[in-house]
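A quick write-up on the structure given underneath.
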Amino acid sequence: MTTRHNWTTTPVSADILRGALDLEHTERGVLPHRLPAQARRQITDGQLTMAESQPSGVRLVFRTRATTVELDVVATKRVYVGAPPRPDGVYELLVNGRLAGRASASDGDTRTIDMSAGTARTRPGPIETLRFTGLPDGEKDVEIWLPHDETTLLVALRTDAPVRSPRPSGRPVWLHHGSSISHGSNATTPTGTWPALAAASGGAELVNMGFGGGALLDPFTARAMRDTPADLLSVKIGINIVNADLMRLRAFGPAVHGFLDTLRDGHPSAPLLVISPICCPIHENTPGPLAPDFTAMSEGRAGFKATGDPAEVAAGKLTLTVIRNELARIVGERAATDPHLHHLDGLDLYGADDHAELPLPDDLHPDPATHRRIAERFARHAFGRGGPFAPQERCFRAPG
């Protein structure tokens, strides 16, 4: 409908949203989810509940002649007790694939998390209006990428010209699952996460199921991926399983097989790339669990430490080194009967030499420059000539 102020208000619906698996309609607005309702009903972990609602890779996509766009949002600000304040999430507007504006919501709901006590509480906050002006005249493709690390209720989309659904892009859909590194931790913009950068380089439509703390081989995640239309699939496995000290070697192998079996139920011949962990010195040879480094926090910086005993590896405790070897073995065995299954050693994306040059600032997550390096190497390996995602290797979904 068109208001008396000559604005066109367009309902937020799946027609103009990419990268979300579900939309929840609330009293205050529309909440994009990266896991479907059936999966969310099986989650008992508050961390995963928070992570899947953070819209990494989710963007509004439409065609319009508008030169001004307004978006009303309620952002959820996270405050960690004892940790430095977090920067506001960033919204990026692209015109025909090129960055044309950035904005942030300075206020919103506030979620205060006390990691030492294991508690969290939320205080409701206001709606904020983001305004993008000076867009070029004429019909154009517009994308608004939502903050990758800030839960966002979408309240209203207004433009000074009508909005139409986007044209089919013709690009393959890349469905990726991983940890906070894939989610985008320590990246500063939503298009600056390594999956977003790699998708742009490879000409793919990203569906990012990277969940901070939530890459744990959960069956409901595998089923969600099984049921999501996609042309290309990848899973990055390992760091969260070690962080959480979740399982032993005996359970890990069958869990990986089960996860891959479920993916193949829905995507029997799509290229499927299994990625092992990037270099993370605190967990290379030391098991979890992971714990916050409160000494680092007292110095005004985020930090983590491994608290496991390396001597217990012989009894089946997992480290990143153990997981890399196991994933290489599993994929090698399965590939004998699955020619579209591939393996990528995470150390080829970011290894010990990279860590010496670009250390992980909080001992766990890459900085923006490292996200870009990982993206460039992934794109070259996966989308490049002879790679598993290269055009000649793709087996596209049947239309309909």
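According to my numbering, the residues represented by the sequence shown are 60 to 459, in order. Even glycine gets a Cβ: it sits at the ideal position worked out from N, Cα and C. These numbers come from a predicted model, not from an experiment.
Output needed for residue i: all residues of its chain with C-beta closer than 7 Å, excluding positions within five of it in sequence on either side, in chain order.
{"i": "residue 428", "result": "417"}
{"i": "residue 419", "result": "339 and 425"}
{"i": "residue 322", "result": "281, 284, 285, 292 and 331"}
Which same chain residues end up closer than 6 Å to residue i when comparing Cβ atoms and leaving out the 5 residues on each side of it in sequence?
{"i": "residue 237", "result": "269, 274 and 295"}
{"i": "residue 433", "result": "253, 408 and 409"}
{"i": "residue 314", "result": "276"}
{"i": "residue 369", "result": "344 and 345"}
{"i": "residue 13", "result": "Because the chain in this structure spans residues 60 to 459, residue 13 falls outside the shown range and cannot be described."}
With a threshold of 16 other CB atoms inside 10 Å of the CB of residue i, please say whether the residue is buried or exposed.
{"i": "residue 69", "result": "buried"}
{"i": "residue 332", "result": "buried"}
{"i": "residue 224", "result": "exposed"}
{"i": "residue 413", "result": "buried"}
{"i": "residue 527", "result": "Residue coverage of the chain in this structure runs from 60 to 459, which leaves residue 527 outside it and unanswerable."}
{"i": "residue 202", "result": "buried"}
{"i": "residue 336", "result": "buried"}
{"i": "residue 388", "result": "exposed"}
{"i": "residue 84", "result": "exposed"}
{"i": "residue 415", "result": "exposed"}
{"i": "residue 198", "result": "exposed"}
{"i": "residue 177", "result": "exposed"}
{"i": "residue 350", "result": "exposed"}
{"i": "residue 438", "result": "buried"}
{"i": "residue 192", "result": "exposed"}
{"i": "residue 239", "result": "buried"}
{"i": "residue 96", "result": "exposed"}
{"i": "residue 111", "result": "buried"}
By DSSP's criteria, residue i is part of a beta bridge. Which residues make up the other side?
{"i": "residue 295", "result": "334"}
{"i": "residue 437", "result": "According to DSSP, residue 437 bridges with nothing at all."}
{"i": "residue 240", "result": "According to DSSP, residue 240 bridges with nothing at all."}
{"i": "residue 167", "result": "134"}
{"i": "residue 139", "result": "172"}
{"i": "residue 329", "result": "Paired residues: none, contrary to the question."}
{"i": "residue 198", "result": "None; residue 198 has no bridge partner."}
{"i": "residue 347", "result": "For residue 347, which the question treats as bridged, DSSP gives no partner whatsoever."}
{"i": "residue 203", "result": "119 and 152"}
{"i": "residue 68", "result": "217"}
Would you report the Cα separation of residue i and residue j, rounded to the nearest angstrom?
{"i": "residue 126", "j": "residue 159", "result": "11 Å"}
{"i": "residue 286", "j": "residue 151", "result": "29 Å"}
{"i": "residue 377", "j": "residue 93", "result": "28 Å"}
{"i": "residue 280", "j": "residue 196", "result": "42 Å"}
{"i": "residue 60", "j": "residue 430", "result": "Bear in mind that the predicted position of residue 60 carries a pLDDT of just 40, short of 50, making it too unreliable to give a figure here."}
{"i": "residue 306", "j": "residue 348", "result": "11 Å"}
{"i": "residue 143", "j": "residue 362", "result": "11 Å"}
{"i": "residue 309", "j": "residue 153", "result": "47 Å"}
{"i": "residue 214", "j": "residue 87", "result": "6 Å"}
{"i": "residue 163", "j": "residue 137", "result": "14 Å"}
{"i": "residue 447", "j": "residue 76", "result": "28 Å"}
{"i": "residue 220", "j": "residue 165", "result": "27 Å"}
{"i": "residue 59", "j": "residue 74", "result": "Within the shown structure, residues of the chain are numbered from 60 to 459, placing residue 59 beyond reach of any answer."}
{"i": "residue 390", "j": "residue 399", "result": "11 Å"}
{"i": "residue 406", "j": "residue 311", "result": "20 Å"}
Within its chain, find whatever has a CB closer than 8 Å to the CB of residue i; leave out the 5 residues flanking it on each side and keep chain order.
{"i": "residue 371", "result": "346"}
{"i": "residue 235", "result": "241, 254, 265, 266, 267, 268, 269, 292, 293, 294 and 295"}
{"i": "residue 421", "result": "245, 355, 360, 361, 362 and 363"}
{"i": "residue 179", "result": "105, 170, 171, 172 and 173"}
{"i": "residue 491", "result": "Lying before the first or after the last residue shown, residue 491 is absent from the chain, which here runs from 60 to 459."}
{"i": "residue 353", "result": "141 and 175"}
- Message: With three or more beta-carbon pairs closer than 8 Å as the criterion, would you say the segment 244-256 touches the segment 110-118?
- Response: yes
Exercise. Would the segment 183-198 and the segment 128-145 be scored as touching if the rule is three or more Cβ pairs under 8 Å?
Worked result: yes
Any contact between the segment 241-252 and the segment 204-224? By contact I mean 3 or more CB pairs, one from each, below 8 Å.
yes
Segment contact flag, the segment 70-80 with the segment 171-182, C-beta cutoff 8 Å, min 3 pairs: Segments in contact, no.
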